[in-house]
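Here is the structure we will look at, set down as structure tokens.
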Amino acid sequence: MKLRKRSTVVLVLLIAISIVFLYLYLSYMKEKRVEEVDYGTLFSSLGIQEITPPLKAPDFTLKNLEGFSVSLKDFAGKVVFLNFWATWCGPCRDEMPSMEKLWQRFKEEAFVILAVDLREEKEEVNSFMKDYGLTFPVLLDSRGEVGSMFGVRAIPTTYLIDSEGRIVGKALGARDWANEDAFDLIEHLLSETKPD
């Protein structure tokens, strides 16, 4: 009877130790995966054109939905997700929920989404944002000048700008921005951000 009790205790201890080692191993592998990700592969898996060498993003100033002037240079030192879109654009509407998830995931970090609406009235855009429950910052390019400055010919078009103000990626068309590859890419860009 004592032998059986002892065997049970030993078995329970072995199982507990195995669970702890499994947890530690899986945690280590997750961290290792983040370190070993090939970011060129992430660009291609997301269908993003990697810009090499990176190009300096032109500065611009536009009004936000509250009527305040906002410049790209206001976000120096941050990773900027610059998206050109319009409320009437079906693919733009399709990607907006995933952009909101991306925003919720990274908004507390050195990251900002700037959704630049092209050639629409403030009231129409404001209504759209409320209807869709979107909270990321929106800028109004009522004459399409900033879109032209960035060479936007179709929407949605998204530019990824690193913390040094350089365009490192360009995506034409809608994407699912709420997936692990997108999160890993943003985390990589954030990891290259220099502290103030």
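In the numbering used here, the protein residues as written are 84 to 279.
Using N, Cα and C, we set each Cβ at its ideal position, and we do this for glycine too.
Take the Cβ of Ala-159 as the centre, count every other Cβ of all protein chains shown within 10 Å, and call the residue buried at 16 or more, exposed below.
-> Counting from one through the sequence shown, the residue named residue 159 turns up at place 76. Result: exposed.
Residue from Leu-217, Ser-152 and Glu-191 with nearest C-alpha to Pro-180 = Indexing the sequence shown from 1 puts residue 180 at position 97. That would be Leu-217, whose Cα lies nearest to the Cα of Pro-180.
Anticipated Cβ contact below 8 Å, Val-162 with Thr-240, distance rounded | Working through the sequence shown from its first residue, we reach residue 162 at position 79. Working through the sequence shown from its first residue, we reach residue 240 at position 157. Not confirmed; about 17 Å, so no contact.
List the DSSP bridge partners of Asn-262.
-> In the sequence shown, counting from the first residue as 1, residue 262 sits at position 179. The partner list for Asn-262 (beta bridge, DSSP) is empty, contrary to what the question assumes.
Cβ separation of Trp-171 and Ala-198, assumed to be a contact under 8 Å, to the nearest whole Å | Your numbering for residue 171 matches position 88 in the sequence shown. Your numbering for residue 198 matches position 115 in the sequence shown. Contact flag wrong, Cβ pair sits at about 15 Å.
Are there 16 or more other CB atoms within 10 angstroms of the CB of Phe-251, so buried, or fewer, so exposed?
-> The residue you call residue 251 lines up with position 168 of the sequence shown. Sequence inspection shows Val at residue 251; the Phe mentioned does not correspond to that position. Buried is the call here.
Pick from Glu-263, Arg-258 and Gly-248 that is closest to Gln-132, judged by C-alpha positions = The residue you call residue 132 lines up with position 49 of the sequence shown. Of Glu-263, Arg-258 and Gly-248, the residue nearest in Cα terms is Arg-258.
Would you call the stretch 220-239 and the stretch 132-152 in contact, with 3 or more CB pairs under 8 Å?
-> Judged by pairs of C-beta atoms under 8 Å, the stretch 220-239 touches the stretch 132-152, as three or more such pairs exist.
Residue from Asp-224, Gly-248, Leu-255 and Glu-247 with nearest C-alpha to Ala-237 = Within the sequence shown, the letter at position 154 stands for residue 237. Closest by alpha carbon: Leu-255.
Could you say if the stretch 96-111 and the stretch 210-225 meet the contact criterion of at least three C-beta pairs nearer than 8 Å?
-> no
First through last residue of the alpha helix (DSSP H) which encompasses Pro-136 | As a working note, residue 136 is residue 53 in the sequence shown. No alpha helix (DSSP H) contains Pro-136, which is instead part of the beta strand (DSSP E) from 132-139.
Is Gly-230 helix, strand or coil by DSSP?
-> Here residue 230 refers to the residue found at position 147 when the sequence shown is read from its first residue. In the structure shown, the three-state DSSP call for Gly-230 is helix.
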